[in-house]
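Novice: Mind having a look at this structure? Questions to follow.
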Amino acid sequence: MNNIHEYRTTLHHVKAGMQVIYHGEMMKIIRLKEKKLTNKGLIYQFDTDGESKTLTGNGGNKITVLEKIDDLHKSKSWYV
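Residue numbers for the sequence shown follow this note's numbering, beginning at 23 and rising by one.
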């Protein structure tokens with residue numbers, strides 16, 4: 023059984039420690055480096071462990087987040 027749940031969200035909702043896929047590259051978010059307001063909206067810049075070492079984009083950009091599912095708690099949560 024695959025224990026990875028994949029979903030799409032915006033850069034507004036990305037936090038440190040998340041594993042993401044952006045433009046075909048898988049990377050882990052280390053921290054939010056900078057968030058600035060421009061005439062085009064909020065621009066987020068994250069430090070990552072990927073090839074490019076940074077992830078920069080508009081806050082509304084879609085990004086794929088990979089999340090590990092804990093099967094033990096998932097199966098018990100229905101009965102608790």
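For glycine and all other residues, C-beta sits at the position ideal for the given N, C-alpha and C.
Computed from a predicted model, the values in this text were never measured in an experiment.
I need the DSSP call for His27, collapsed to helix, strand or coil.
Specialist: Of the three classes helix, strand and coil, the one that applies to His27 here is strand, per DSSP.
Novice: According to the neighbour-count rule (16 or more other Cβ atoms, all chains shown, within 10 Å of its Cβ), is Thr70 buried or exposed?
Specialist: Looking at its Cβ environment, which holds 16 or more other Cβ atoms inside 10 Å, Thr70 is buried.
Novice: Which of the three DSSP states, helix, strand or coil, is assigned to Val36?
Specialist: Residue state, collapsed to three classes: coil.
Novice: Going by the DSSP bridge assignment, what does Ile51 pair with across the sheet?
Specialist: Partner(s): Thr70.
Novice: Using three-state DSSP, classify Asn80 as helix, strand or coil.
Specialist: The answer is strand: DSSP assigns Asn80 an E or B state.
Novice: How many Å lie between Lys62 and Gly81 at the Cα?
Specialist: Those two C-alpha atoms are separated by around 10 Å.
Novice: Within the continuous beta strand (DSSP E) that includes Ile124, where are the two ends?
Specialist: The requested residue 124 is not part of the displayed model; the chain covers only 23 to 102.
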